[in-house]
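Engineer:
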Amino acid sequence: MNTNHLHYIGYIGPIIMIYLTILYFYIFDIPKIKYFIKWLVLTGIINTILKHIIKSKRPNNEKPFVLFNRIKLDNYGMPSGHAQYAAFILLFFAYYATDYKLLILFLYSFISILTLYQRYYFRAHSGLQVITGVLVGIIEGFIERIL
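Per full-length UniProt numbering, the sequence shown starts with residue 1, numbered consecutively.
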């Protein structure tokens, strides 16, 4: 496996983790899927709100995305959504999985590390933006567990 493949896995890491988590709970605990998806949506909302409050630019100075030639979507980088999702999914799985837990947690940890590295290496985020994303994901994971 060459480095391009590893970078690609890092780029789509949270998507891989989402699909594997849904598949896992489809096999072992179907009601957990709906709960997991609710938290994924909440994670996205929290990320968007934080990005628009903090308004930290990405290190690569990406231009804002324009939707339908009318709607300008600012492309802020703080916190990293990839890092936030990876951290949250890892914690969610650690809390609720029972079967094959260690094997899948090892896989998720590997994917998460690739994701964090890829976001920093390709300058999609600064180190601080990646670390902040991880911390927000961890905080969400703890809040989810308390509720």
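Built from N, CA and C at the ideal position, the CB exists for glycine as well.
Note that the structure is a prediction, hence the values are computed from the model and not measured.
Would you check if the region 14-29 and the region 104-124 touch, i.e. whether three or more CB-CB distances between them fall below 8 Å?
Structural biologist: yes
Engineer: In or out: Arg-41 buried (at least 16 other Cβ within 10 Å) or exposed?
Structural biologist: Residue identity check: residue 41 is Val in the sequence provided, not Arg. Flag for Val-41 reads exposed.
Engineer: My guess is that Ala-87 and Gly-44 are in contact by the Cβ rule of under 8 Å, so how many angstroms apart are they, rounded?
Structural biologist: Contact doesn't hold; Cβ gap of about 14 Å is too wide.
Engineer: Thr-98 lies in the alpha helix (DSSP H); which residues open and close that run?
Structural biologist: No alpha helix (DSSP H) contains Thr-98, which DSSP labels as neither H nor E.
Engineer: Would you be able to state if there are at least three C-beta pairs under 8 Å between the region 90-105 and the region 25-33?
Structural biologist: These segments touch.
Engineer: Do you know offhand how far Leu-50's Cα is from Pro-79's?
Structural biologist: 7 Å
Engineer: Is Ile-53 buried or exposed, if buried means 16 or more other CB atoms sit within 10 Å of its CB?
Structural biologist: Result: exposed.
Engineer: If we ignore side chains and look at the alpha-carbon of each, how far apart do His-125 and Lys-101 end up?
Structural biologist: 30 Å
Engineer: Around the Cβ of His-5, are there at least 16 other Cβ atoms within 10 angstroms (buried) or fewer (exposed)?
Structural biologist: exposed
Engineer: Would you decide whether Leu-90 is buried or exposed? Buried here means 16 or more other CB atoms lie within 10 Å of its CB.
Structural biologist: buried
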